[in-house]
Every structure is written in structure tokens, then in C-alpha cells.
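As numbered in the numbering used here, the sequence shown has no gaps in its residue numbers, which increase by one up to the final residue, 195.
Heads up, the thing below is written out as C-alpha cells.
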Amino acid sequence: MNLESIKTNFIKRNIKSEVFYKEEDIINYIKELIKDAKTVGIGGSITIEQLGLYEIFKEEEKEIFWHWKVEPEKRNEILKKASSSNIYFSSSNAIVEDGRLVNIDGNGNRVSSMIFGPDKVVIIAGKNKIVSNIDAALKRIKEEACPLNARRLNRDTPCAITGKCNDCKGVNRMCNVTTIIEGHLPSVDIEVLLIDKDLGY
């Protein structure tokens, strides 16, 4: 299924969506989105990092709340501020072709901020995150995204070694909260930006 069809499926679920084929176009669109925002929150995201959005938000003189950019002792404070920002940016672990967003979190800060708190939430996802159904979404997360994240964070989890989920029960477990966004939420304005490029994992 092509990106335009997936965009249509999001819109059918009353979730705003746009498709981009050039990185410069999505950057220009994002700059317009943040024009009137004073505060910008960011969820943990390699996609956001690869697009260089943090630097762009700094250039636009926004107050940015991203726990990746502060000392460990300040992270909880920044996570809370991010969750009540004017606009919150993140990616999604998996995009289902029928217009659903599937995510798994360790702390829950990213998935909770997607569904309640910020005035607006912008989800950015590359074509590599598109899957056919919910089962494929969960498989992708547990066998691709989580193991790579565990290795990046030097987590002592089985998936970091084996490359797939072992349903571990330890304190370092990364799969603690699972959410599926299936439609428009009255509490937050969600917009999904799809880009014809492989980004994040």
C-alpha cells in the first residue's frame, strides 16, 4: 500500500495526515506547525534526531523539553514539561496500513504524551515503519525496534543479545506499556506525517 492510501486511511479515522517525498518539504511544513508555539516537547526518537529537529527548534527560538538533552537528574522534570507542551513531536514504532498507530514504551512517558497533555501531537514516521496489521506491528516492535533500542541504551535485556523478544521480566524490560491509537482523540490534536524515506527504528 502506498503512502497516499495510508494517509487516506488516517483521515477516514479523523486523524490528520500528510505525505512528504522530500526531507526539505517536511522540515518546512514542521516550521510552519511550530510557528505559534512557545514550548515544544519531544519524545525519545531516533527519527526526530535524524531529521535534526532539535537544532531546528533551537534556531526557531522555541523552549524545548527533550530528556535526551539534559542531565539524568533533570530528566523527570523535563518529561513532565514535555507532556504539557504546546506541541509534542515523536515517532511511532509501527504504522498499520489501515491508519492505526502502535507503540510500546518502557517508561510510558512517550505513549502517554501522545494521547493526553500537549495541545498538539505530531507523529513523524518513515516508510520502514509501515506494516500490514496489528500482529505485524507488534512483531516489528519486538523483533526490530526494541532490540535495537536495547543495544543503543546498553540495556541488560535478552533482546539486546538475541535480537527478539523473550518476554523478560527484569527491571530493564523495555516493553512495559503498549498503546494502539485507532482514531481521533477529543483531548489532543494528532497529526501524522509520513515520509518516503527510511527513518529510525
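Where a beta carbon is used, it is the ideal one built from N, C-alpha and C, also for glycine.
- Residue range 17 to 27 is occupied by the alpha helix (DSSP H) that includes glutamate 18.
- Taking 8 Å as the upper bound for CB-CB distance, serine 86 and alanine 119 are in contact here, some 5 Å apart.
- Straight through space, the alpha carbons of leucine 188 and phenylalanine 14 are spaced by roughly 6 Å.
- For the pair arginine 149 and isoleucine 135, the Cα-to-Cα distance works out to about 16 Å.
- Scanning Ser79, Leu179, Thr173 and Gly157 for the CA closest to the CA of alanine 31 turns up Ser79.
- Cβ contact annotation for glycine 93 (same chain, cutoff 6 Å, sequence separation greater than five): Asn3, Phe4 and Arg7, in chain order.
- By the neighbour-count criterion, in which a residue is buried when 16 or more other Cβ atoms sit within 10 angstroms of its Cβ, methionine 108 is buried.
- Taken in chain order, the whole beta strand (DSSP E) runs of length 3 or more contained in the segment 53 to 140 are 57 to 60, 81 to 84, 88 to 90, 94 to 99 and 114 to 120.
- Straight through space, the alpha carbons of glycine 100 and asparagine 170 are spaced by roughly 5 Å.
- Between asparagine 122 and glutamate 176, the alpha-carbon positions lie close to 20 Å from each other.
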